[in-house]
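Student: Just passing along the structure, written as structure tokens.
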Amino acid sequence: MDQSQLAMVVPRRYLLSEPPSAPVMASSCSQALRHHVCKSSRILRIHLQKSYRSFALNSAADQQPAVSSPEEIVIPKKKTWSKEAVLQALASAVKRDPTASDSRFQDDPYLTPKTSSEFKLFSLSQESGRNAAKYFINTYPKYFQKDYAQPHIPCLMPETLEAQIEEASEAALIERIRMRKVKAAVDLYDQLLQAGTSVSLDVTNQLLDLICFCGDHDPAQENVPEQRNEETEDVQDEPQAKKGRAPKASGLLKATWKENNNAERIFALLSEPNTHSYSALIRGMVKYGAYSKAFSTYTDLLNNRLKADVQTFNALIIAAPEVKEKYNEKWELIVDLLKQMAEQKVKPNLLTLNAVLKALRRCGTLGKSQAFPVISEMKALSIDPSLASYNHLLTIFYKTGATIQGQTDILQEVMNEVSGKSFTAQDPDDAQFFITAMRICLDTKDMEQAYRVHELLGVGENWRLLGNDFQQNIYYARFFSLLCMMENIDVMLKWYRDLVPSVYYPSSNIMRDLLQALDTDNRLDLIPQIWKDIKQLGHANRQNLVEELLILMAREKHNQEVQESFAECALDIKKIYDTGDRGKVLLSWTAGSLSDLISVLLAAHRRQDAWEMLKLFKTHNRVPSEELLNRFLTCVKEAGEVNQAVELVQISAGFCLPETPKLIQRVQQEFELTEQQRNMLSDLEIQTFNSD
Amino acid sequence: MYRRLLININQVRNRFIHTHNTRLTLPSTKCKERESFAPVTWATCTARPLGTSSISFSENKESSTCLSEDKGKTPEENEVNAEVNTDGQKNTEMNEGTDISNATLTSQLETEPVVKPEDSKQLEKTKSGKESLLELLGAMKVEVTTVRKIRPSKTPRMSERPDQEPMESTHSMFQRAAAEGSQQHGTLNPALVAAVSAAASTLPNRHQAESELLKQLRKHEAIPDTQRRADLGHIIADMKVGKRPNGRSNVRPTSQISFDDDGKGYTQDKGITSELGVRRRKSPFTSKRLNLFAAGAEQDTLSDLGPTLWDIDLANQIVQGTNQMPRNGFEEMIQWTKEDKLWQYPINNEAGLEEEASVPFHEHVFLEKHLDESFPQQGPVRHFMELVITGLAKNHHLTVQQKRNIFTGSETTSDRKKMS
């Protein structure tokens, strides 16, 4: 075994794997070899440095070894890469494509959603398919025993849902606790006690944890993030945070803490409960709404000369606003708890102070005076406030429904504080920040801050904190209403093109806002384009939206080109009216919509189409306006169609319009009529006269 | 709020000391006290002649009644009245409030029940202060509520606000102040009696008696005293400020402003709030902290037995709250990698080396030592085996254990397959 042989073997594991560590080997090799390796490694390093920087994963400082002379070798620090490092680097290079839909739907172009309901359906179906598969695998594990994966992939194998250990022992108890089988675990615990076997305190605490966590009920099948039964079809601009929360809240309300349940019973059986036991009990009580009971348990804990842990305090702070009526009492209780924490040398964590801030939301004006001291306290303890903290802060200062003045700068201050920072989710409330901030921007009509909020969303991984699809929809709806209100149409359309429909499917309300924005900025010529989008977004069946569109198109005269496109658009709309969806009539003609449509067609000199439309008045039992008939007659006059003019008069007479005599007069004066036509008109004149 | 409480306590204590003084020395001090007290109340009243709040108004009324009717009243009792009035004020807050014209009426009505129990109190000196105060309060409440019921058509008072919170807080503030005051009365009066007797015996050592009394006070109220000179006028002035939470002034109907003749008080308050606003605007995030925790204090680390059910639940909640959907194919691959569904993208050449990760390379390469035991030192077998170890040294498909098995003859068929 000589050195060359070694060199042949070495590169496989060391030289290629860790270029910076190559010199380590080199120093142990012979001089010639060392030269060679150094040279090659230098080249290699230069290459790799470039690529490392682009990965943006390592600090440049580590990678600046001075290899000025071959004698001087600086050994760089070994870098440990996570197993996702390469993928993360690759993923960071991918930018969002505003023309593409969500990556979930890119597998199958057929399943590219076009409307918000489709989006919801497809994303949910993907998730529910996954759930169904999991359910079958877990229910019939015997059919899924063959392990194809090499190496073994544990998460693809069926989970064991049945307890394996049958005899009554502590191991069996642990197993049941792990499987979250509350009833079985409690029964087994009782059996063990009856048999005289003592169960260790740790295991009992785990059991207490389980019972308190589940509220002494067997937990239902676990929900998967995407699975939510939101019935809200169309995201409107109401305070939706509540709506989104509604199913969860009702789910929690169902289970309440029962007097003398198993947790309390087992707890009472404990000879020497420790902090963990108390913690479990108190947290369970708070979770299931037995707030005052939680406080009395805490008093017990103090009487037993134990210290509470930080989680217990967190739970108690959450419960504090529930047990007191008055704002100052609530706050005093919280301060008291915090003081006790300090006395017991329990260091508060982020969740503690977030809970304090959340409680301050319910302390009225006290919240405003105490919120910032809490944030300062947080900073003094070198706890970085999470987005949830800022969210609570904003909700303290900007109450929904209250008129906002004087504090507009709070949002600005908060934005100054957070902008440019990348946040990670640390609190379940973190995901509320963006929609709250955008709500405030919308309430205060503060476009500048809205841009800052949106900018913050683009920083780092902050997009994750926007929350689920539902919350995203709320956020973008608010952003768009604000854009429609405050921005000029070009900027607005830029955003529109950027976000719709790749991330946001606007509701019909937002589309109406958009139309109004087009109207105010005098860009009605864009209507046909917007109509296409409306159709694609599935809002073509919204009567008021379509009517609004028609009114805008019919209201003013435009140049010929625009009128032409309007006419095309109008005919398209007519098709929607004609064809119902699966036999159902989606839209019903009104006199207004019909006359608007006809005026659009007339303005574009589509007399024939307009004539067809005019007949629809009769079939749908609608009455045309005099103005429309006059306009129609003018148009007919331009074309010189005598017959049509007479027919028009006949139609008018058919509706018994009071305008008919004037129309007859006009026709008689302006057209060259044949004898027969003249007679017909005079007949009509007599008829209308009689009917009057 | 704390400051206010402090002031209140100090005020009560001051009063205590004063009473002590007066009882010990001469009635002339009473007059002095009276005088020193009266101007302050009048000062507040002149500042707001028509009263943006009925506190100052009723206070005004009260002091005038006191001045006119019984000048010889002890200041303590006068203060009791003031306390009662503040409490009456509380009731005013609780009910829908009153406007200025009504304020005069109500304050008149308020003074009547105030005076009555006072007489009774003067009769029964033995009764403890707390009891009499409670009685007063009870009488007050009944009176005031009936008055309110008679007048249903009241325009909301200036300080009354459409939403419940500020009113609630002011109300509670008043209540607390009143409760604090009453508590002080209850605890102090027997102490006062004791102190008077003690002082009588230890005269003329006045200071000692005073310090004793102070000690008593401290026993009941653990809050430290910082400022001494504070009186009812200050308290009321402070209450006025606190009652106006920032940014709420516009919620008030504009018609109320025209009712409010006291332009000065109104603008003054506004000025104060806007000033506060300015101060906050400067540095809301650098404001003073709660100062409850020591900054560097390290917590004695709790024994962690791995994540509990609660930790898992918290993590789950966070995951559910946030958007975990991959944005592109790579992110999806990252997710799969984390779930171990995907073979991990190699970061270095040691990827997939799980079982061999701890084996140093020389174990793979220098295999001569295995020949020492059971093979001859020379000859064709030795030669052959040297070739074998050279081959094995370069074979990266086998683990060290498998290589060893070859020498011991215990290799399995799967090992053989890999070798070929």
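If you read the sequences in order, they're chains A and B. The first sequence stops at residue 692 when you use the working numbering, and every number in between is there. The second sequence stops at residue 1420 when you use the working numbering, and every number in between is there. Don't be surprised by glycine CBs; every beta carbon is placed ideally from N, CA and C.
At which residues does the alpha helix (DSSP H) containing residue 373 of chain A begin and terminate?
Tutor: 365–380 is the span of the alpha helix (DSSP H), which, as asked, contains residue 373 of chain A.
Student: Taking all protein chains shown into account, decide if residue 109 of chain A is buried (16 or more other Cβ within 10 angstroms of its Cβ) or exposed.
Tutor: Label assigned to residue 109 of chain A: exposed.
Student: What residues in its chain sit with their C-beta under 8 Å from that of residue 1371 of chain B, if we drop five residues either side in the sequence?
Tutor: So the qualifying residues of the chain are 1382, 1385, 1386, 1389 and 1407.
Student: When the cut-off is 8 Å and only beta carbons count, does residue 410 of chain A lie next to chain B?
Tutor: Yes, residue 410 of chain A lies at the interface with chain B (some Cβ there is under 8 Å from its Cβ).
Student: If you check the beta carbons only, do residue 476 of chain A and residue 503 of chain A fall under 8 Å apart?
Tutor: It is a contact, given that the beta carbons lie within the stated cut-off.
Student: Would you mind stating whether residue 513 of chain A and residue 488 of chain A have Cβ atoms separated by less than 8 Å?
Tutor: Against a cut-off of 8 Å, the Cβ pair of residue 488 of chain A and residue 513 of chain A comes out as no contact.
Student: In whole angstroms, what is the alpha-carbon distance linking residue 27 of chain A and residue 83 of chain A?
Tutor: Model confidence at residue 27 of chain A stands at a pLDDT of 40, short of 50, so the residue's coordinates are unreliable; what they give is reported in the following sentence. One C-alpha to the other measures close to 29 Å.
Student: Using a Cβ cut-off of 8 Å, pull out every chain B residue sitting near residue 373 of chain A, in sequence order please.
Tutor: The answer, in chain order, is 1287, 1288, 1289 and 1290.
Student: Entirely within the region 535–597 of chain A and at least 4 residues each: give me those alpha helix (DSSP H) ranges in chain order.
Tutor: 543–555 and 560–578, all fully within the region 535–597 of chain A.
Student: What residues in the region 70–93 of chain A have a beta carbon less than 8 Å from any beta carbon of chain B?
Tutor: So the list reads 81, 82, 83, 84, 85, 86, 87, 88, 90 and 91, given in the order they occur along the chain.
Student: Buried or exposed for residue 683 of chain A, going by 16 or more other Cβ atoms inside 10 Å?
Tutor: Exposed, because fewer than 16 other Cβ atoms sit within 10 Å of the Cβ of residue 683 of chain A.
Student: Spatial neighbours of residue 182 of chain A within its chain, please: CB distance less than 7 Å, with the 5 preceding and 5 following residues excluded, ordered by chain position.
Tutor: 210, 211, 214, 216, 217 and 218, listed in sequence order.
Student: What in chain A is Cβ-close to residue 1313 of chain B, meaning under 8 Å?
Tutor: Ordered by position in chain A, the residues that pass the 8 Å Cβ test against residue 1313 of chain B are 213.
Student: Starting from residue 1330 of chain B, find everything on chain A with Cβ-Cβ shorter than 7 Å and list it in chain order.
Tutor: Those within 7 Å of residue 1330 of chain B in chain A are 87, 90, 91 and 94.
Student: Kindly provide the ranges of any alpha helix (DSSP H) runs that are 4 or more residues long and lie completely inside the region 87–145 of chain A, ordered along the chain.
Tutor: DSSP runs (the alpha helix (DSSP H)) wholly in the region 87–145 of chain A: 116–139.
Student: So what's residue 655 of chain A in DSSP terms, helix, strand or just coil?
Tutor: Coil, per DSSP.
Student: In whole angstroms, give me the CA-to-CA distance for residue 688 of chain A and residue 653 of chain A.
Tutor: If I take the Cα positions, the gap works out to 7 Å.
Student: Could you check whether the Cβ of residue 1344 of chain B sits closer than 8 Å to any Cβ belonging to chain A?
Tutor: Residue 1344 of chain B counts as touching chain A.
Student: Could you give the distance in angstroms between the alpha-carbon of residue 129 of chain A and the alpha-carbon of residue 156 of chain A?
Tutor: Using only the alpha carbons, I get a separation of about 15 Å.
Student: Determine the burial state of residue 261 of chain A: buried for a count of at least 16 other Cβ atoms within 10 Å of its Cβ, exposed for fewer.
Tutor: Classification for residue 261 of chain A: buried.
Student: Closest to residue 309 of chain A by C-alpha separation, out of A:324, A:323, A:147 and A:343, would be which residue?
Tutor: Minimum Cα distance to residue 309 of chain A is reached at A:343.
Student: Alpha carbon to alpha carbon, how far is residue 544 of chain A from residue 486 of chain A? Give it in angstroms, no decimals.
Tutor: Going from the Cα of residue 486 of chain A to the Cα of residue 544 of chain A covers about 23 Å.
Student: Note the first and the last residue of the continuous alpha helix (DSSP H) segment covering residue 638 of chain A.
Tutor: Run containing residue 638 of chain A: 626–639, per the alpha helix (DSSP H) assignment.
Student: Should residue 1366 of chain B be labelled buried (16 or more other beta-carbon atoms within 10 Å of its own) or exposed?
Tutor: It counts as exposed.
Student: Could you name the residues of chain A that residue 1293 of chain B contacts, counting a contact when the two beta carbons are closer than 8 Å?
Tutor: Simply 338, 341, 342, 347, 348, 377, 380 and 381.
Student: Against residue 1372 of chain B, what residues of chain A qualify as contacts under a CB-to-CB distance less than 9 Å, listed in chain order?
Tutor: Going along chain A, no residue has its Cβ under 9 Å from residue 1372 of chain B, so there is no contact; the nearest lies around 15 Å.
Student: Taking residue 350 of chain A as the reference, give the member of A:463, A:328, A:428 and A:495 with the closest Cα.
Tutor: Of A:463, A:328, A:428 and A:495, the residue nearest in Cα terms is A:428.
Student: Give the interface partners of residue 1347 of chain B over in chain A, defined as CB-CB distance under 7 Å, in chain order.
Tutor: 81, 83, 85 and 86, listed in chain order.
Student: With distance defined between alpha-carbon atoms, name the residue in A:152, A:91 and A:98 nearest to residue 495 of chain A.
Tutor: Measuring from the Cα of residue 495 of chain A, the nearest candidate turns out to be A:98.
Student: Distance check for residue 325 of chain A and residue 372 of chain A, CA to CA, integer angstroms please.
Tutor: Those two C-alpha atoms are separated by around 23 Å.
Student: By alpha-carbon positions, which one of A:550, A:484 and A:657 ends up nearest to residue 601 of chain A?
Tutor: Among A:550, A:484 and A:657, the Cα nearest to that of residue 601 of chain A belongs to A:550.
Student: Less than 8 Å between the beta carbons of residue 467 of chain A and residue 1352 of chain B, yes or no?
Tutor: Cβ distance not < 8 Å, so residue 467 of chain A and residue 1352 of chain B don't count as in contact.
Student: Quick one: what does DSSP say residue 257 of chain A is sitting in, helix, strand or coil?
Tutor: Note: residue 257 of chain A maps to coil in three-state DSSP.
Student: Going by the beta-carbon positions, is the gap between residue 574 of chain A and residue 552 of chain A smaller than 8 Å?
Tutor: No, the Cβ-Cβ distance between residue 574 of chain A and residue 552 of chain A is not below 8 Å.
Student: Beta carbons nearer than 7 Å to chain B: which residues of the region 284–314 of chain A have them?
Tutor: If the cut-off is 7 Å between Cβ atoms, the region 284–314 of chain A has 309 and 311 near chain B.
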